[in-house]
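**Q**
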Amino acid sequence: MKEYQLDGKYYFQWAQIVRTFLKGKGKLSHLEGIGPRQGDHKFQTWDEEDSSIMSSLWSSMQPEISKNYIFLSTAKDIWEAVCQSHSKVQDVGVIYELKMKASTTKQDNHSVMEYYDLMRGIWLEIDHNLNIQMRCPEDTNTLRNHMERDRIFEFLASLNANFDQIRVQILGKKRLPSLNEVFSTIRGEES
């Protein structure tokens, strides 16, 4: 967890790393506050583990952030306080940076596979930071289709000029293929 520190940006990525790390150790219950009560014979072991997790949480934050949570008494208290401070507001600056990165990234010297992986990584970060909650399946499908179409355009627009002919063929189809189909077609044309 120490390799990826919470720095005030990218809270959702940090939170996912922490949750995955603790889940892998069988310690996710500490973030949920599920544990034995004081007086239970298992409490001391659980409390020691909780202290270790608290230390790991503090270590996974930059010092100017962790200092705000030093005096909280459980891992759950730290987790909830950090969540309350960092997750409620979408970080518009981060979303803007990611959108700019997606729109200015070009294939250049990357293979099609490397370029596609790079773009997918950016898009996943955007999706995660947007954190859109849809209320009905029709809206979800409409939004998903709209976002995929935009990503197809973004992907095609940033390919090198040697893909101009296949780009025109893809865009000239009656039905726009899926992003994965577009990627497969472009990759098949790579020499």
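Residue 119 in this note's numbering sits at position 139 of the sequence shown, and the numbers go up by one each step. Ideal placement from N, C-alpha and C gives every residue a C-beta, glycine not left out.
1) Can you list, in chain order, the stretches of the alpha helix (DSSP H) that have 4 or more residues and sit fully within the stretch 51 to 126?
2) Output needed for Tyr49: all residues of its chain with C-beta closer than 6 angstroms, excluding positions within five of it in sequence on either side, in chain order.
3) Helix, strand or coil: how does DSSP classify Leu139 here?
4) Where does the unbroken alpha helix (DSSP H) through Gly168 begin, and where does it stop?
5) Find the nearest neighbour of Ile14 within the set Trp26, Lys5, His21 and Gly4, judged by alpha-carbon distance.
6) Are the beta-carbon atoms of Ile75 and Ile106 separated by less than 8 angstroms?
7) Identify every residue that forms a DSSP beta bridge with Leu(-14).
**A** Taking the coordinates as given:
1) Fully enclosed alpha helix (DSSP H) runs of 4 or longer: 55 to 66, 72 to 84 and 92 to 110.
2) Ile58 and Ala61
3) coil
4) Leu159 to Glu169
5) Trp26
6) yes
7) Met41
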